[in-house]
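Number of protein chains: 4
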Amino acid sequence: MDELVQAIRAFNGERDWERFHTPKNLAMALCVEAGEIVEQFQWLTPEQSETLPPEILKGVSDEIGDVLIYLLNLADRLGIDPLQAARDKLEQNRNKYPADRVRGKTLKYSEY
Amino acid sequence: MDELVQAIRAFNGERDWERFHTPKNLAMALCVEAGEIVEQFQWLTPEQSETLPPEILKGVSDEIGDVLIYLLNLADRLGIDPLQAARDKLEQNRNKYPADRVRGKTLKYSEY
Amino acid sequence: MDELVQAIRAFNGERDWERFHTPKNLAMALCVEAGEIVEQFQWLTPEQSETLPPEILKGVSDEIGDVLIYLLNLADRLGIDPLQAARDKLEQNRNKYPADRVRGKTLKYSEY
Amino acid sequence: MDELVQAIRAFNGERDWERFHTPKNLAMALCVEAGEIVEQFQWLTPEQSETLPPEILKGVSDEIGDVLIYLLNLADRLGIDPLQAARDKLEQNRNKYPADRVRGKTLKYSEY
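Which chain is which? The protein sequence lines are A, B, C and D, in order. Numbering-wise (the working numbering), the first sequence opens with residue 1 and increments by one. Numbering-wise (the working numbering), the second sequence opens with residue 113 and increments by one. Numbering-wise (the working numbering), the third sequence opens with residue 225 and increments by one. Numbering-wise (the working numbering), the fourth sequence opens with residue 337 and increments by one.
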């Protein structure tokens, strides 16, 4: 991942694009790319989403790449370690959703 | 990152949450979390977005963690290597946006 | 709808919030609210999404209100008539997707 | 707006597309289109976003049409009156953000 962050910095630097990459703009770009992942799945049944044909899977893979690039770019710009942020959040979630209380359901859909 | 993917799998397995984690649903969750990052920045000036006060920065860090968790979860579910996907996309972008042609601008905003 | 636009203008004017309502910022806010609608549906089966319990339906209704408010605010700020924009787009879609060619499928998922 | 809802119903009916239009899927489509509005603004300065060149403004207008179509479609499917939802939300916001307390700022960015 460190190498990828270096490659993103080099890519941006060679194009003098850091000027456009305020955290605000990068957050927007990240959200746009996340929307493009959703676009791939919007009309599929849950079952279809599990067994994507190769050309759709390739499209989703490209969009996942885009999201990761903007996520790392944003985190780099803000001085945030994204792996540590994810580990911290997972720890918070372990406390918030104890396994023995939420098994097979979540608070959000426990009423169904 | 591999350790984080393992930790996410364990977290989901302990809660029997894989049943909810169709690629379709994970794509939605990813997009929701990306929206929560945008929420932190929506009313800020570009300048304010560069110098976040500590409590906002902590909030953004948590949301970055959430996005990375769902992104890795989705990629894992689809059998996609997210680092390779990002490297491939960066290579595509190098060809699409040659540095000597787009320096300091992009096609999108070159007309301004 | 005209009355609603007037009410939104009054609401913003009384708070001196137009200064924050650049089209860029309003687009972000619109997207955040759309993400909050998605959040209500992310873990539901297609069937559950058709028969929402009253408290979830109320939540979705509130988010639909938020999206409409920001959509009208953005359109108003840009001098766009949203009803005309929707009618124009529907007309474009009629030509793009002739009923006799796409009945029961769309190009996006016709391969399934 | 009633006529537009009727036109959307006819458009969908002629294509037998109601089968794809679960509230879950419509929420996804709405969010995708909102992301496409954000895409138009992501690299613009606040000032540029106020003075869009005609071809960008046309693109934004089309996307606003798309968002309104999916928003009305979703509300129709759920039996929600979107204008009433927006009026209700505006009323809630009047109480939540009293004009004399939030003038020229909001709680979110009052610390700046």
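Ideal Cβ placement from N, Cα and C applies to all residues, glycine included. Nothing here was measured: the structure is a model prediction, and the numbers come from that model.
Give a yes or no on whether the minimum CB-CB distance between C:Met225 and chain A is below 8 Å. As a position in the third sequence, residue 225 of chain C is number 1, starting the count at 1. Not an interface residue.
In or out: D:Ala346 buried (at least 16 other Cβ within 10 Å) or exposed? On the fourth sequence, position 10 is the one that residue 346 of chain D refers to. A residue is called buried once 16 or more other Cβ atoms fall within 10 Å of its Cβ, and D:Ala346, having fewer, is exposed.
Burial state of B:Lys208 (16 or more Cβ within 10 Å): In the second sequence, counting from the first residue as 1, residue 208 of chain B sits at position 96. Exposed.
Residue range of the unbroken alpha helix (DSSP H) whose run includes B:Lys136: As a position in the second sequence, residue 136 of chain B is number 24, starting the count at 1. Counting along the chain, B:Lys136 sits inside the alpha helix (DSSP H) bounded by residues Pro135 to Phe153.
Any C-beta of chain C sitting closer than 8 Å to the C-beta of D:Lys432? For this step, residue 432 of chain D is matched to residue 96 along the fourth sequence. No - not a single Cβ of chain C is within 8 Å of the one on D:Lys432.
Please confirm whether C:Glu279 and C:Glu257 have their CB atoms less than 8 Å apart. Stepping through the third sequence from its first residue, residue 279 of chain C is reached at position 55. Stepping through the third sequence from its first residue, residue 257 of chain C is reached at position 33. Here C:Glu279 is not near C:Glu257, since their CB atoms are 8 Å or more apart.
Using 7 Å as the cut-off, classify the Cβ of A:Gln84 as near or not near the heavy atoms of the ligand NAD, replying yes or no. This structure simply doesn't include the ligand NAD, nor any ligand for that matter.
Check whether the Cβ atoms of D:Val403 and C:Leu302 sit closer than 8 Å, and answer yes or no. Working through the fourth sequence from its first residue, we reach residue 403 of chain D at position 67. Working through the third sequence from its first residue, we reach residue 302 of chain C at position 78. For D:Val403 and C:Leu302, no; Cβs fall outside 8 Å.
For C:Pro277, collect the residues of the same chain with a Cβ closer than 6 Å to its Cβ; drop the 5 residues on either side in sequence, then sort them by chain order. As a position in the third sequence, residue 277 of chain C is number 53, starting the count at 1. Correct list: empty, nothing qualifies.
Under 7 Å by beta carbon: chain D residues contacting C:Glu238: Start at 1 with the first residue of the third sequence, and residue 238 of chain C comes out as number 14. Going along chain D in sequence order, the residues near C:Glu238 (Cβ under 7 Å) are Ala435.
In its own chain, which residues sit with a C-beta less than 6 Å from the C-beta of D:Asp412, not counting the 5 before and 5 after it? For this step, residue 412 of chain D is matched to residue 76 along the fourth sequence. Excluding positions up to five away in sequence, the list reads Val341.
Check the C-beta distance from A:Leu30 over to A:Leu74 and give it rounded, since I have them as a contact under 8 Å. Residue numbering aside, residue 30 of chain A sits at position 30 when the first sequence is read from its first letter. Residue numbering aside, residue 74 of chain A sits at position 74 when the first sequence is read from its first letter. About 6 Å; that satisfies the 8 Å criterion.
Using 10 angstroms around the beta-carbon of D:Pro418, count the other beta-carbons present and answer buried if the total reaches 16, otherwise exposed. The count along the fourth sequence starts at 1 and reaches residue 418 of chain D at position 82. Counting the other CB atoms within 10 Å of its CB gives D:Pro418 a total of 16 or more, which places it among the buried residues.
Outcome for A:Thr51 when other beta-carbon atoms lying within 10 angstroms are tallied against a minimum of 16: Sequence index remark: in the first sequence, residue 51 of chain A carries index 51 (1-based). Answer is exposed; the Cβ neighbour count stays below 16.
At a Cβ cut of 9 Å, what residues of the segment 35 to 48 of chain A count as close to chain D, listed as they run along the chain? Residues passing the 9 Å Cβ filter: Gly35, Glu36, Val38, Glu39, Phe41, Gln42, Trp43 and Leu44.
Three-state secondary structure (DSSP) at D:Asp398? As a first step, residue 398 of chain D must be located in the fourth sequence, where it is residue number 62. Three-state result, D:Asp398: helix.
Measuring alpha carbon to alpha carbon, tell me which residue in A:Lys89, A:Ala85 and A:Ala27 is nearest A:Ile69. In the first sequence, the residue the question calls residue 69 of chain A occupies position 69. For A:Ile69, the closest of A:Lys89, A:Ala85 and A:Ala27 by C-alpha to C-alpha distance is A:Ala27.
In three-state terms, what does DSSP make of A:Lys105? Sequence index remark: in the first sequence, residue 105 of chain A carries index 105 (1-based). Reduced to three states, the DSSP call for A:Lys105 is coil.
For B:Asn124 and A:Val102, I'd like the C-alpha separation in whole angstroms. Counted from its first residue, the second sequence places residue 124 of chain B at position 12. Counted from its first residue, the first sequence places residue 102 of chain A at position 102. Here the C-alpha atom of B:Asn124 lies approximately 11 Å from the C-alpha atom of A:Val102.
Pull up the CB-CB distance for B:Gln154 and C:Asn249, whole angstroms please, since I reckon it's below 8 Å. Within the second sequence, residue 154 of chain B is the residue found at index 42, counting from 1. Within the third sequence, residue 249 of chain C is the residue found at index 25, counting from 1. Their Cβ separation, rounded to whole angstroms, is 6 Å, which keeps B:Gln154 and C:Asn249 in contact under 8 Å.
Just the Cα atoms here: how many angstroms apart are B:Ile149 and C:Gln264? Stepping through the second sequence from its first residue, residue 149 of chain B is reached at position 37. Stepping through the third sequence from its first residue, residue 264 of chain C is reached at position 40. In this structure, the straight-line span from the alpha carbon of B:Ile149 to that of C:Gln264 is close to 18 Å.
For A:Ala29, return the contacting residues in chain D, with the cut-off set at a CB-CB distance below 9 Å. Reading the first sequence from its first residue, position 29 is the one you call residue 29 of chain A. Chain-order list of chain D residues neighbouring A:Ala29: Val374, Glu375, Gln378 and Trp379, by C-beta distance under 9 Å.
Which residues of chain D have a Cβ atom closer than 9 Å to the Cβ of A:Val102, listed in chain order? The residue given as residue 102 of chain A occupies position 102 in the first sequence. Listed along the chain, the chain D residues whose CB falls inside 9 Å of the CB of A:Val102 amount to none; the nearest CB is some 22 Å away.
Could you say which of D:Asp338, D:Ile416, D:Asp424 and D:Phe356 lies nearest to C:Leu281 if we only look at CA atoms? Here residue 281 of chain C refers to the residue found at position 57 of the third sequence. Minimum Cα distance to C:Leu281 is reached at D:Ile416.
Take the Cβ of D:Gly440 as the centre, count every other Cβ of all protein chains shown within 10 Å, and call the residue buried at 16 or more, exposed below. Residue 440 of chain D sits at position 104 when you count from the first residue of the fourth sequence. By the 16-neighbour rule on beta-carbons within 10 angstroms, D:Gly440 is exposed.
Under 8 Å Cβ-Cβ, which residues of chain A neighbour D:Phe347? For the purposes of this step, residue 347 of chain D is taken as residue 11 along the fourth sequence, with counting starting at 1. Simply none; closest approach about 16 Å.
Quick one: which chain D residues come within Cβ less than 8 Å of A:Asn25? Counting from 1 along the first sequence, the entry for residue 25 of chain A is found at position 25. Here the neighbours are Gln378 and Trp379.
Nearest neighbour of C:Gln272, chosen from D:Leu407, D:Pro359, D:Gly371 and D:Gln384 [CA to CA]: As a first step, residue 272 of chain C must be located in the third sequence, where it is residue number 48. That would be D:Pro359, whose Cα lies nearest to the Cα of C:Gln272.
Under 7 Å from the C-beta of B:Val172: neighbouring residues of chain C: On the second sequence, position 60 is the one that residue 172 of chain B refers to. None at all; the shortest Cβ gap to chain C is about 14 Å.
Chain-ordered neighbours of A:Val67 on chain B, where CB pairs are closer than 8 Å: Counting from one through the first sequence, the residue named residue 67 of chain A turns up at place 67. Chain B residues near A:Val67: Leu142, Ala146, Val179 and Leu183.
Looking at C-alpha atoms only, which residue of C:Ala309, C:Glu242, C:Met225 and C:Pro270 is the closest neighbour of D:His357? Position 21 of the fourth sequence, counted from the start, is the residue given in the question as residue 357 of chain D. Residue C:Pro270 is the option with its Cα nearest to D:His357.
Cβ of B:Met126 within 8 Å of Cβ of A:Ala99? Locating residue 126 of chain B in the second sequence gives position 14, counting from the first residue. Locating residue 99 of chain A in the first sequence gives position 99, counting from the first residue. In the sequence as displayed, the identity of residue 126 of chain B is Glu instead of Met. In this structure, A:Ala99 lies closer than 8 Å to B:Glu126 by Cβ.
Within-8 Å CB hit, A:Asp76 to chain B: Here residue 76 of chain A is taken as the residue at index 76 of the first sequence, counted from 1. For A:Asp76, the answer is no, since every Cβ of chain B falls outside 8 Å of its Cβ.
Proximal residues of chain C, C-beta to C-beta of D:Glu391 below 7 Å: Locating residue 391 of chain D in the fourth sequence gives position 55, counting from the first residue. Those within 7 Å of D:Glu391 in chain C number zero; the least Cβ separation is about 14 Å.
Is the beta carbon of A:Gln7 less than 8 Å from the beta carbon of B:Leu183? In the first sequence, the residue the question calls residue 7 of chain A occupies position 7. In the second sequence, the residue the question calls residue 183 of chain B occupies position 71. Rather than Gln, the amino acid found at residue 7 of chain A in this sequence is Ala. For A:Ala7 and B:Leu183, no; Cβs fall outside 8 Å.
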